[in-house]
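The structure appears below as structure tokens.
Residue numbers (this note's numbering): 3 to 1120.
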């Protein structure tokens, strides 16, 4: 068998796509004698397939910037990886990406214009058009000589102020995205006598009452009020402490600064010598009049006024240094009251939402939106106690790190309402009574009507069910699997049987039957829990549990490699003749004769009564136990079947099968025992193991490159293994992830070499089919796939239903059938003679916790499980097809003859990470995701290649762990620790996607400007306007230096603007479109200037003619 070492595997991950495409092209399709090519008409063709991203759900990973449009009511979040997420009303979300991937440092909406400016860490500015369903960049501007630190776009202005690290301010026309010749140089803004540089620009804003006055804050503590017309500073305000932010009072007579020593200074505009007031919100006031102790920096302050009462001062940071371990806080000062609101994560940014977009009116704040490192919180300012709003967005995917996920499209229609009704009882109380204030945009059209459910498993043992229908996401129900176990209160109290250092309850595998609602999970501590769904609350007096010794090494038996096996016989259990008595009671011994830990599970099941609320309730807990100092190996495959009442699971030691109705172990075999005398491998005898030193480590990492701590998926985590590890094919189904590292379950005392060559169980499938060549009719069986590419079949002899099913034993026996493929087996499925999928039999869900009368009970007991196999009723001569997908190839095998009728080598240079047999357009296909980034689909049963697209390189093993395909052309994976990316491979869904996406921009009237009042108008006390065009236009300020910044036309957006430019609100878009098209047609600046001059000339001619025409007329003649 071919081995991969880690370097080769990584080469495989990035292998050129050409080799896999070549492998697909040279499809080795061999039809056996009497192949049935013509029997099954395959309807799927290449044109049915197209790959595109649909939506991204979850919290924006590593957020860095925040903006809000108060008229459109749209929220924008930028991230450190250049992503842009836009949120409107619940269900209206959008994801965009800057190509450079540079961090977003600031976002500015063009309020109520359907546009957004983003400033990036690579010193580029971008103008996004939001008037189309998929926003696009209209213009970009790249600064060459200066670094951008702060931007400010006044309301209803087209001139953007851009502050730089050098302390200068440049002005950008957002319509043409060109620089004005008007520049405010740092040395003109500060005192001439000042000898030091004032530092980068940290704040720019115009006086709310006078647009001609610009307030500029420099990092060093200097603030200048710049007169734009006279091009000089009117006042300069100097403070010893560095400035972090500045905010105006709406009347324009005062402003407030936040400083690095935890103080706030309030200044009168006309009194620059000293601040009017200095406040230390969190400083301890000393008695003898000394200055309060310094505090941590106040990173941001906002100053918002109300008509009826005191103004609000809202700030982040500023806590005293002695509050060690105190959580990050937002402080709300209102009159004499100060509220300190603790946050779960550090604050990235916050914004106060106000009733008016006009800065010169009473602000009337009603909410604060706080962007945290891993959450988004909205605080209601209008209610006492400042309660938070209930967040309607699906931002809690990462509440505990995601360790696995499954995706089910086209579920039974009653499932989502059932899960929602039990989940509704889990809702928290105490939220604000008001509607969610971010309410912009409109929903798209729902063209897909089938129910979709996503299940996520988490590091803390929780499982979340999500409604994913019609490209939205909403949490339905959360199940905590850890509540059946005793919690250790502290580290010393922790049992030393743990095989993982932390997160012992982490979910590794989820097996779920939507029709029967049976759920089975496998956890990282080698535990399996089976759940039934019930709408009734119950109290379980004793939690049913089984312990299983699964260790296959036996003296004198040949085994996969030549070292390190304990010479201890394994008690096989079950009711078949080959095995020994069942061990259905927890064992009491905790150590064997030589003092090694023995017969102890890793976790302790609670022995007190367990109250189980409506939803999923524990049916049975199964735990693998330590065997003579050897910890149990983690579970690599799992399957549950409600019609048979059985659950099967396997790891690198062997396979176990449990009857969960009778609570007995039916099968407990080492992998090599499954083969019997048919073992095709030459396995060297092992030498007895020497001393063992269990170290209690969990899942190991093989680090390639540095791991980013934030991206750390807690489960599985502990990294104690040497870097010499190689990664053979057998281990990959059990790959787990932390960032860019391969991570793999391990036991403390099994060496890497020993583990590598163990044959693990990698796939399990219950079905009703032909188990042997001689069979004349299908019967229940379990198909077992291993990491060495072997498929074995175990026959199941089930007693009749009703009482007998609970009293008579289930007989299980290996059938002797062995099939071989290259690479570890990933997935198995069965087709009938028409080429339709034969799903496993299931028992329809019914409520178990209802006291029924005897007659009803009898009816239920007589009910047969739904066997959806059409073959069972057909002629004996009819056959089935087994579809088997491994890491390297796929085979279709005719049953019962076991002839391989079709074969496809999927990849030579890489390996398949995920393969699923899915339905699409009333047909079925095999969908595969390869480690080299290719997504492929193959027709069934003939395995014709239908799609082969290079989609994404496997940069992160999280993708490998979470990628899954489902029916109707849907797929998903975890694109970051906090976000799910959904994609489609269906051409029909790609075509309908535009209709399904929500609209971000909706036509809304801009509120009226505040009334200046009669006396203010008479005596000039109101807001002063400024003709910025006259000041910053080319005619007065000249041209900007060409080398300063470079204009880059946007890749898209003109078509989108054309589509949006209809009706009254389209006027602006039309004007911008005309500008844009003209800008594209006129190649360079000289031509554009000439055109502007000639239009100015003709305008003056027209104006002169008009003046002559009306010169001699009186006013009443007009």
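Beta carbons are placed, not taken as given, at the ideal position from N, Cα and C, and that holds for glycine.
- Checking the DSSP bridge columns, you'll see residue 959 has no partner listed.
- In the DSSP assignment, residue 818 falls within the beta strand (DSSP E) that extends over 813-822.
- Contact check for residue 428 against residue 528 fails: the beta carbons are separated by 8 angstroms or more.
- If you ignore the 5 residues before and after residue 192, its C-beta comes within less than 6 angstroms of the C-beta of 200, 224, all in its own chain and listed in chain order.
- Residue 1002 sits close to residue 132, with the two beta carbons spaced by under 8 angstroms.
- The beta carbons of residue 122 and residue 84 sit closer together than 8 angstroms.
- Annotation note: the region 108-136 contains the following uninterrupted beta strand (DSSP E) runs of length 3 or greater, listed N- to C-terminal: 117-122, 126-131.
- Here DSSP, grouped into helix, strand and coil, assigns residue 486 to helix.
- Scanning the region 176-235 from its first residue to its last, the whole alpha helix (DSSP H) runs of 4-plus residues come out as 188-191.
- Going by C-alpha positions, residue 378 is about 16 angstroms away from residue 402.
- Under DSSP, residue 322 takes part in a beta bridge, and its partners are 297.
- With fewer than 16 other beta carbons inside 10 angstroms of its own, residue 1099 counts as exposed.
- The continuous stretches of alpha helix (DSSP H) do not include residue 98, which lies in the beta strand (DSSP E) extending over residues 95-99.
- If you draw a 10 Å sphere on the C-beta of residue 975, you find 16 or more other C-beta atoms in it, and that means buried.
- Relative to the Cα of residue 461, the nearest Cα in the group 481, 446, 544 belongs to 481.
- Excluding sequence positions up to five before and after residue 663, its CB lies within less than 8 angstroms of the CB of 647, 807, 808, all in the same chain and listed in chain order.
- Per DSSP, the continuous beta strand (DSSP E) segment holding residue 882 begins and ends at 882-888.
- Proximity to residue 250 across 672, 779, 216, 791 peaks at 216, based on C-alpha coordinates.
- Secondary-structure assignment with DSSP links residue 666 through a beta bridge to 661.
- Within the region 393-443, the complete alpha helix (DSSP H) runs of at least 4 residues fall at 417-425.
- For residue 510, the closest alpha carbon among the candidates 553, 197, 653 is that of 653.
- Under the DSSP assignment, residue 1034 falls in the alpha helix (DSSP H) whose first and last residues are 1030-1034.
- Fewer than three beta-carbon pairs drawn from the region 388-396 and the region 943-959 are found closer than 8 angstroms, and the two stretches are therefore not classed as touching.
- Taking 3 residues as the minimum length, the beta strand (DSSP E) runs contained wholly in the region 137-178 are 138-145, 150-154, 161-166, 171-175, in order along the chain.
- For residue 618, the enclosing beta strand (DSSP E) covers residues 617-626.
- Annotated as distal: residue 836 and residue 773, with beta-carbon spacing of 8 angstroms or more.
- Shortest Cα-Cα distance from residue 771 to any of 922, 764, 780 involves 780.
- Cβ-Cβ separation between residue 889 and residue 828: approximately 6 angstroms, consistent with a contact (criterion under 8 angstroms).
- Residue 351 has 373 as its beta-bridge partners, per DSSP.
- Shortest Cα-Cα distance from residue 42 to any of 944, 969, 282 involves 944.
- Taking a cut-off of 8 angstroms for Cβ pairs, the region 969-988 and the region 41-55 touch, as three or more such pairs fall below it.
- Distances from the alpha-carbon of residue 604 to those of 488, 298, 115, 677 put 488 closest.
- As DSSP reads the structure, residue 891 sits in a beta bridge with 907.
- Residues 318, 330, 332, 372, 374 of the same chain have their beta carbon placed closer than 7 angstroms to that of residue 349, with the five preceding and five following residues left out of the count.
- In this structure, residue 632 places its C-beta atom within 8 angstroms of the C-beta atom of residue 553.
- Residue 116 places its beta carbon 8 angstroms or farther from that of residue 443.
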